[in-house]
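Participant: Structure provided below as structure tokens; questions to follow.
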Amino acid sequence: MQRKMSRREMLKATAAGAAGLASGLSAATVLASDAASGFAAPPLQDAVTIRFQESEQEYADVVAAYKEVAPNVNIEFVNITGVDHAEIASKILAQLAAGQPVDIGYAATEATQLYAGEGLALPLKNRVMDSQADLAEYFSDVSPVLVETDLYQDDLYQLPRDFNAANMYFNTALLTEAGLEVPGEEWTKDDFVEYAKAMTGIGGGDSFGYGWTNRLWGSWTPWFFVNDTNLLAEERAPGGEWLWGTFYKDDPNAAGRGGGWLWPAPQANNPAMVEALEFVVSLTEQGLTPVVELGGGATLQGFFTSGKLGMTPAGGFWSGGLTNAGMEKGGFDVQFWPKWATQRHQLGVGAAWILNGGGNEDAAWEFVKFNTRKDVMEMIGFFGERTRTTPVRRSMNNEERYSKTGPANWHVFYDTLDKRPDTGPIPAPTFSIEETNIYTRYTSLATSGEMTPKDALDGMQSELEALYARNPSYPPSN
Amino acid sequence: MQSTTVSTRDTAQARTRFRRPEWLPRNPGSWLQLLLLSVMAVFTLMPFVWVVSTSLRTPAQSFTVPPEWIPVDMDFSNYTRVFDEIPFWNQILNSFAITISVVCGQLLTASLAGYAFARLRFRGRNVLFWIVLATLMIPGQATIIPVFILISRVFGLSDTLWALIIPGISTAFGTFLLRQYFLQIPNDFEEAAMIDGANQWQIFRKIYLPLASPGLAILAVLTFNAKWNDYFTPLIFMNTKERFPITLGIVDLQGYMATGSISVVLAGIVLSTIPVIIIYMFGQRYLIEGLMMGGLKG
Amino acid sequence: MTSYTVQPSEGPRRNALVRWLAADTMNGIKRQRAILGYTFLIPTIVGLLLFIVGPMLFTFALSFFKWNVFRPPEVIGFANFERLFSDPRVFVSFRNTFLLVIMTVTMLEVLAMSLALAVHRLASRALGYFFRTAYFLPVLLSGAAVAVTLGYLFHQDFGVINYYLGKVGVPKIAWLTDSNVVLWTISLTTVWRNMGFTFIIYLGGVSSLPSEVLEAAQVDGAAGWRRIRSIVLPLLSPTILFATVTDIIKMLQFFDEPFIMTRGGPGDASRTVVMMMYENAFGNLDFGYGSAIALILFAVIMIVTGVQFVLSRRWVFYN
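Shown next as structure tokens:
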């Protein structure tokens, strides 16, 4: 018995040693071929290590499952714990500068065009077209609204994983105290003001009807979307037929889409923009909105959870987030953004991108594709019991997912895409971090009352124009 | 501490009926002084009380106004969740390993360099001192990328604890601090030692180093604290959660898209601050002894 | 140094090198001290050259390039500096930084020194221990902790501070969103967070004073103050020089507090030079421009520190 055990262990050790040796050798081969001319990634039979920008906590099950499918592929986690996009970008850039970038990164809408435009992310069009059989089911379950945000110049750079559209969250305790109910889908901006007034000054006397955080996503951005305008003029690049014609032939919502969004010029001070900013500033002036802060939204969540805010913009990430923060099921609910000139919502989409020219493109692509499978997506930690971001698959937005922690109106998350297919991404050209900085800076001057909305937007416009002048290569000309 | 002065001027006490406790001040000026000290202490401590009491409350009760300073129903669930969500002990141990290595390294290099700048004469001393001082004047954010390239490409140490230790061992601040301490020590000591036949190393090791102990103690405490709270460097250098220091763990608690609970974050802050407070309370004895030893020389 | 001849020592026999090094002549001692000096500096100088001076030169060189990391750097000569000198936002960030330095360093030095003197003369050991610990505690907190805590305490509508001010009839103050207030808020926060640091340095300075000097200054009122000014302050002057130089250098690199609390807002009202540098480099991916700002900041700190050292010859008193 004793002897058998030790022999088995020895075998194990030998196997591990051999695997280690093999991976070492293959790494040496990669380096050698890289030095020679950089062509031909190693064939998939060899052991490959993929550096994956994700948290092990969230992806442990996925990687374990992949080990069974592709035992030769070793996934190495690169955890990036930044509090904002600039911090995450700091790390990606430092790694890039040191010549050690990740093989698979993660980008939200804010960075999609940056990585695509700078050639960092691998274009996926040909690979997608070669894998139609593998991907048809995935695309049939994902709204074209989401896929369109990951197109850039007629090529696809990411396969969407999660999204968040800004819907209106309600604190149900304050609603009840104000004698109100969650409004219907068709509610309007004027209804909203009534709601905000009714929920101000109750709940112990210091509650506010509506609160928001000054940033790009879900800031006052939803208000200019429903006022039928945008910070930057929007345009659809030509192309995309290959995608829409292949995977979305029968989807009416795919009609009229192109080869990806472009934002050719700033238009911060057009009358509809001014009107939208004047509206949100008037909420502060009437005392319906507490002081507007810059930041990640953590403060806002604290005040919403403790019953100080009646309404606030948020997406599916809050359904698990609020539960995480201690709210009971039923303590909050959600509805579409109120109608103004339109009812067009704004959203952000997150997905993996593959490093272009890193040598591991083929192996990385197989893993990314594996991640689009429904059973695999279900394994991701934040799509677990507490859903901490909205899954892109329609079929995963179901009663069961939100039964324990979600809002009663959970279907609003995906209805935003299916019933309001004009929903579009937050404006995020290649220089979106700088754009965001200008946007939040002038917004803070308007909300603190130091500039009129009109003056703030004039200032914003002239700085955005200077920004475009410094980036003559955007929008790219075909 | 100043017990000798108390006994010399105690005429007021003789007239009072009761015995004044030792800590009570003896005249109006001192009362005022104690009052100011106490007011400052209230200001510095108030946020701590708030953090601790909020971390012991459920999130729904977190931001009650008027603020409740004493948590009524002690809710420790926020604390247990910290352990569920991050590899807390691992990260605390990493922080200790990094911090203690850097503190020891800095004490060694800075005492040598500080002594050289203060007490030894050699060609190029002033130029070298200005170079050292100049390195204080560059913000860390400006050099992080070249340092990362160096650590990962040249040394091959990225994602190891060494990446956070090695660049921290040399210190311009510590060198400057200890130089000032060595400068304050009178020359008489050196002259006396030389007459006794001590060599230059012995003069440093046996005479000047002990006299600079307040400086060493201060450097140790300040370095410990700066390194313990370092956030930006590990953010760039480290990839594996098990190798993170606790500062990154705390940011992790804020969760994907800030979906974590603030109360859990506060609990994490309290937990991660406890070791530093213990080290400080324990180290304070040495710190004060160090300060007193420096004071004896007069 | 006093000049006198040193008696040859009667140590054991040593080899030639050691004998040369340990020669007890004036020249030998000079030689020993020079060699010891260079040896002692090696670890510090090598480390600093490798991890700060080298990277610093790399950064300075970048200021003549346009570089976004994705593409190879491109030489653009002085264009970054031309842009910098005509950029009103850079000017504002320097103005903010100077204001913050003046406000913060003044408060820090006065408070830390007074508290150090006061704590040192406390009769009670336990009280001394308590105050030392209390003042040092905020230094132990990390940036993340300060961010979360103060964001709530200073909140205009739900914050504890405005609540208590309201109790005594002060209307709500927009601590973080009023251009005229925000620098004070950040300065106060910085003093709160860093006072213990400076305090400990002063406590070290006060502790190394001869006890007779402190006893002489124990008198209260005008006489005591005069004695502090004429005896204690001159003796503390090396500590004061050290504390102000390092505090000013540190505060000229103001980053954490405004970055955490206001992100530089409202508008640019609390944006500092290092924030401008960081945002341009890492946010706007313009490492050349960020480096140019870093270079100018470096020059400014160099000048300020140089001036302090020159002035210090007049008032700093070494034994």
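Residue numbers (the numbering used here), protein chains in the order written: chain A, 207 to 684; chain B, 10 to 307; chain C, 298 to 616.
Where a beta carbon is used, it is the ideal one built from N, C-alpha and C, also for glycine.
(1) Counting only Cβ pairs nearer than 8 Å, list the residues of chain C close to Val497/A.
(2) From Thr518/A to Phe376/A, what distance separates their C-alpha atoms?
(3) Can you tell me where the alpha helix (DSSP H) holding Gly501/C begins and where it ends?
(4) Please classify Gln115/B as buried or exposed, where buried requires at least 16 other C-beta atoms within 10 Å of its C-beta.
(5) Which one of Gly562/C, Thr569/C, Ala589/C, Phe614/C has the shortest CA to CA distance from Gly162/A?
(6) Are there three or more Cβ pairs, one per stretch, closer than 8 Å when the stretch 229-240 of chain B is compared with the stretch 284-291 of chain B?
(7) Leu365/A lies in the beta strand (DSSP E); which residues open and close that run?
(8) Which residue wins for smallest C-alpha separation from Leu275/B, given the options Leu41/B, Pro68/B, Leu43/B?
(9) With a 10 Å radius around its C-beta and 16 neighbouring C-beta atoms as the bar for buried, classify Trp472/C as buried or exposed.
(10) Under 8 Å by Cβ, that's how I've got Thr249/B and Gly527/A pegged, so tell me the actual separation to the nearest angstrom.
(11) Taking the beta carbon of Gln338/A as the centre, do at least 16 other beta carbons fall within 10 Å, making it buried, or is it exposed?
(12) Hey, is Thr536/C's beta-carbon within less than 9 Å of any beta-carbon in chain B?
(13) By Cβ distance, which residues of its chain are closer than 7 Å to Ile107/B, with the 5 residues on each side in sequence left out?
(14) Candidates Phe375/C, Arg386/C, Gly456/C: which alpha carbon is nearest Met574/C's?
(15) Got a sec: is the Cβ-Cβ distance from Arg128/B to anything in chain C below 9 Å?
(16) Taking Arg392/C as the query, report the chain A residues whose CB atoms sit under 7 Å from its CB, ordered along the chain.
(17) Residues of chain B with a CB under 7 Å from the CB of Ala520/C: which are they?
(18) In the structure shown, what three-state DSSP assignment does Met483/A receive?
(19) So what's Thr495/A in DSSP terms, helix, strand or just coil?
(20) Within this structure, are the beta carbons of Gly585/C and Phe362/C separated by less than 9 Å?
(21) Only counting the same chain, and skipping five residues up and downstream in sequence, which positions put a Cβ closer than 6 Å to that of Val279/A?
(22) Is it true that the CB of Tyr432/C sits closer than 9 Å to the CB of Ala226/B?
(23) Quick check on Trp559/A: does DSSP put it in helix, strand or coil?
(24) Report buried or exposed for Pro691/A, applying the criterion of at least 16 other Cβ atoms within 10 angstroms of its Cβ.
(25) Check whether the Cβ of Val260/B lies closer than 9 Å to any Cβ atom in chain A.
(26) Is it buried or exposed, Tyr272/A, if we count other Cβ atoms within 10 angstroms and call 16 or more buried?
(27) Among the residues of its own chain, which have a CB less than 6 Å from the CB of His617/A, if the five just before and after it don't count?
(28) With 16 other CB atoms within 10 Å as the buried threshold, where does Lys514/A fall?
(29) Taking Pro617/C as part of the alpha helix (DSSP H), name the residues at either end of that continuous run.
(30) Nearest CA to the CA of Ile283/B: which residue from Gly224/B, Trp139/B, Ser39/B, Asn234/B?
(31) Going by the beta-carbon positions, is the gap between Phe551/C and Thr487/C smaller than 9 Å?
(32) Please check if any C-beta of chain B sits within less than 9 Å of the C-beta of Ala253/A.
(33) At a Cβ cut of 9 Å, what residues of the stretch 48-82 of chain B count as close to chain C, listed as they run along the chain?
(34) Please classify Asp205/B as buried or exposed, where buried requires at least 16 other C-beta atoms within 10 Å of its C-beta.
(35) Is the CB-CB distance between Thr559/C and Thr474/C below 9 Å?
(36) Give the residues of chain B in contact with Thr287/A, contact being defined as C-beta atoms less than 8 Å apart.
Facilitator: Looking at the atomic coordinates:
(1) His452, Gln453, Asp454, Ala471, Leu473, Thr474
(2) 7 Å
(3) 476-504
(4) buried
(5) Residue 162/A is absent from the structure shown; chain A starts at 207 and stops at 684.
(6) yes
(7) 365-371
(8) Pro68/B
(9) buried
(10) Not confirmed; about 26 Å, so no contact.
(11) exposed
(12) yes
(13) Leu170, Leu173, Ile174, Lys236, Pro254
(14) Arg386/C
(15) yes
(16) Residues of chain A passing the Cβ test: none, with the nearest at roughly 16 Å.
(17) Going along chain B, no residue has its Cβ under 7 Å from Ala520/C, so there is no contact; the nearest lies around 11 Å.
(18) One point to set straight first is that residue 483/A is Leu, not Met, in the sequence displayed. In this structure, Leu483/A counts as helix in the three-state DSSP scheme.
(19) coil
(20) yes
(21) Val254, Ala569
(22) no
(23) strand
(24) Residue 691/A is absent from the model: chain A starts at 207 and stops at 684.
(25) yes
(26) buried
(27) none
(28) buried
(29) In the structure as shown, chain C begins at 298 and stops at 616. Residue 617/C is therefore absent and cannot be evaluated.
(30) Asn234/B
(31) yes
(32) no
(33) Met49, Ala50, Val51, Phe52, Thr53, Leu54, Met55, Pro56, Phe57, Trp59, Val60, Thr63, Ser71, Phe72, Val74, Pro75, Pro76
(34) exposed
(35) yes
(36) Leu244, Phe253, Leu257, Val260, Asp261
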